[in-house]
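>
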Amino acid sequence: MPSFSQYHSNGSYDHISAVTTLRCGQNGADLSRPVALKAVKPCVSLRRMTTSQFHSDLIFDWYDRHGRSLPWRARWPDLTPAYHVWLSEIMLQQTVVATVIPYFLEFIGRWPTVCDLAAASHDDVMAAWAGLGYYARARNLHRAAQYVCHDLDGVFPQDVDGLRALPGVGPYTAGAISAIAFGQPATVVDGNIERVLARFFGVATPLPAAKSEIGLHYDAIRPSARPSDFPQALMDFANAVCTPKSPGCGGCPLGQNCVAGTAGSPELWPVKAPKKEKPQRRGIAFVAMNEDGHGYLITRPDRGMLGGMLAFPSGGWTPADPSYVESDPFAAAPFKADWHLADTQVTHVFTHFTLTMDVALAHMRQMPDLPEGGFQKVRAASLPTLMRKVWGVARQKRV
Ligand code: SF4
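Using our numbering, read the sequence shown as starting at 763 and increasing by one per residue.
(1) Gly-930: beta carbon under 7 angstroms from a heavy atom of ligand 1?
(2) Just to confirm my understanding: we take Ser-850, look at its own chain, exclude 5 residues before and 5 after, and list those with CB closer than 7 angstroms. What are they?
(3) For Val-910, which of Ala-987, Ala-844, Lys-973, Gly-977 has the nearest alpha-carbon?
(4) Tell me whether the beta-carbon of Val-1033 lies closer than 8 angstroms to the beta-carbon of Phe-962.
(5) Do Leu-1103 and Ala-1124 come within 8 angstroms of each other at the CB atom, strictly closer than that value?
(6) Pick helix, strand or coil for Gln-908, following the three-state DSSP scheme.
(7) Would you call the CB atoms of His-897 and Pro-1096 closer than 8 angstroms?
(8) Could you check which residue in Tyr-934, Gln-1042, Asp-1064, Arg-1062 has the C-alpha nearest to that of His-1110?
(9) Looking only at C-alpha atoms, which of Gly-1154, Ile-939, Arg-957 sits nearest to Thr-949?
(10) What are the start and end residues of the beta strand (DSSP E) that includes Val-1049?
(11) With which residues is Leu-1072 paired in a DSSP beta bridge?
(12) Compute the Euclidean distance between the alpha carbons of Pro-1028 and Ser-1076, then round it to the nearest angstrom.
(13) Between Tyr-980 and Arg-957, what straight-line distance do the alpha-carbon atoms span, to the nearest angstrom?
(14) Bridge partners of Gln-1138, per DSSP?
(15) At a threshold of 7 angstroms, does Pro-1036 count as lining ligand 1 (C-beta to nearest heavy atom)?
(16) Enumerate in chain order the residues of its own chain whose CB-to-CB distance from Pro-919 is below 7 angstroms, with the five nearest sequence positions on each side excluded.
(17) Going by the beta-carbon positions, is the gap between Ile-955 and Leu-996 smaller than 8 angstroms?
(18) Tell me which same chain residues have a C-beta within less than 7 angstroms of the C-beta of Met-853, skipping the five on either side of it?
(19) On a Cα-Cα basis, can you pick out the residue from Leu-959, Leu-1068, Pro-985, Ile-983 that is closest to Lys-973?
(20) I want to check one thing, is the minimum distance from the CB of Pro-1041 to the heavy atoms of ligand 1 below 7 angstroms?
(21) With contact counted as at least three CB pairs below 8 angstroms, one residue from each stretch, are the stretch 1045 to 1061 and the stretch 1148 to 1156 in contact?
(22) In the structure shown, what three-state DSSP assignment does Val-1108 receive?
(23) Pick out whichever of Gln-856, Val-847, Val-858 has its Cα sitting closest to the Cα of Phe-869.
(24) Are Phe-1074 and Phe-1092 close, meaning C-beta to C-beta below 8 angstroms?
(25) Using the beta-carbon count (16 or more within 10 Å), is Gln-1128 buried or exposed?
(26) Run the CB neighbour count on Val-858, radius 10 Å, all protein chains shown included, and call it buried at 16 or more, exposed below.
(27) Leaving out the 5 sequence neighbours to the left and right, which residues in its chain are closer than 7 angstroms to Arg-988 when beta-carbon positions are compared?
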């Protein structure tokens, strides 16, 4: 582990000396672990520290050689249409690039402009989104397309404040659209960029409290050149080099000036607040099949979990559902039938809880008096992931 004096005698590590000056008077301070910044007094300003040593040229050079070609990406001075940036950014929330690519191509193929998307039926948009998860995004996407098309004459705003008015667009997405589609000097800090900057500058404040501090670092290093390329270059770099678990510090172009890389323990950054364990929920889904092999499906209410999606009736796992009592599992059934429980359960992890779901099956010989929805051919591709899992169990058991 390099010592305080080794850093200092090197002379070229200004920001390292800045970090060490955060520990003024602590000779031999251990830099292998993040130290809470508020516990020590900075001797130089954050801005001076950040601007002096981060060389965006090195990131651009790396990006020019290794950056990904993506269907929604143009290279400066060309700019990606705002519709494509917005669509891809909404899809990429909580979802990896490889999963998003076919959905993105499908959407721009079916709806080449934001007004085409605005004019699409709600059901078509939700069905095209099926499988991407986090379905509130699809509802907001459709509402935002209608807002841009009808209220803004089909033209996306260029500035962050204007973009924030779109349903489903938060500060990161607004910054990304502003910078990538319009070349504006916006702050763009996603989880990947957060990781690189937390490591490079040795940010010791735990996330999420460190977000504003990291945003200040980003603003301080953001170059005026190639404004649309800069955040994309950092994202690709984070994805390929400064990875969460095994960053390639050895060949890293930023390595010489990086606090975490130089300390030899980059995986300790970004510092995270201890995770709370996710609560467990129980529920039950009801799969009824008629003589034609069609399944009984409903459209869930617009608001709430899996809102507006096709689904098997279910109980117990959201406040809006009928309650599920394990001792009387079929009390939540949508109609009377010869229900029986499959011996396989479905588990599904949502952002805020983990769900274990029983699956009740029934083969209908007589048609019930249906409260809503109806029997229809079940297309797994039109179902959200949880319901695809339920359908997988039902098919395995050959209802
Ligand atoms: S030196 Fe390591 S931790 Fe620092 S930016 Fe490079 S890959 Fe990331």
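Ideal Cβ placement from N, Cα and C applies to all residues, glycine included.
On the basis of the coordinates in this document:
(1) Gly-930 Cβ: outside cutoff for every heavy atom of ligand 1.
(2) Excluding sequence neighbours, Ser-850 sits near Trp-834, Val-862, Phe-866.
(3) For the set Ala-987, Ala-844, Lys-973, Gly-977, the Cα lying nearest the Cα of Val-910 is the one of Ala-844.
(4) Against a cut-off of 8 angstroms, the Cβ pair of Phe-962 and Val-1033 comes out as no contact.
(5) Note that the C-beta distance between Ala-1124 and Leu-1103 is not below 8 angstroms.
(6) Note: Gln-908 maps to helix in three-state DSSP.
(7) Note that residue 897 corresponds to Tyr in the displayed sequence, not to His. In this structure, the beta-carbon distance from Tyr-897 to Pro-1096 does not fall below 8 angstroms.
(8) When each option's Cα is compared against that of His-1110, the closest is Gln-1042.
(9) Thr-949 has its Cα closest to that of Ile-939, out of Gly-1154, Ile-939, Arg-957.
(10) Residues 1042 to 1051.
(11) Looking at the DSSP assignment, Leu-1072 forms a beta bridge with Thr-1061.
(12) Taking the straight line joining both Cα atoms gives about 45 angstroms.
(13) Going from the Cα of Tyr-980 to the Cα of Arg-957 covers about 12 angstroms.
(14) Secondary-structure assignment with DSSP links Gln-1138 through a beta bridge to Gly-1057.
(15) The closest heavy atom of ligand 1 lies 7 angstroms or more from the beta carbon of Pro-1036.
(16) So the list reads Leu-925, once near-sequence residues are dropped.
(17) Note that the C-beta distance between Ile-955 and Leu-996 is below 8 angstroms.
(18) These residues qualify, in order along the chain: Val-862, Tyr-865, Phe-866, Leu-894.
(19) Ranked by Cα distance from Lys-973, the options Leu-959, Leu-1068, Pro-985, Ile-983 are led by Leu-959.
(20) Not under cutoff, so the answer is no.
(21) The way I'd put it, the stretch 1045 to 1061 does touch the stretch 1148 to 1156; three or more beta-carbon pairs between them come closer than 8 angstroms.
(22) Under the three-state reduction of DSSP output, Val-1108 falls in the strand class.
(23) Comparing Cα-Cα distances from Phe-869 to each of Gln-856, Val-847, Val-858, the minimum goes to Val-847.
(24) Cβ distance not < 8 angstroms, so Phe-1074 and Phe-1092 don't count as in contact.
(25) With fewer than 16 neighbouring CB atoms inside 10 Å of its own CB, Gln-1128 falls in the exposed class.
(26) Around the CB of Val-858, fewer than 16 other CB atoms lie within 10 Å, so the residue is classed as exposed.
(27) Cβ within range, chain order: Phe-822, Trp-838.
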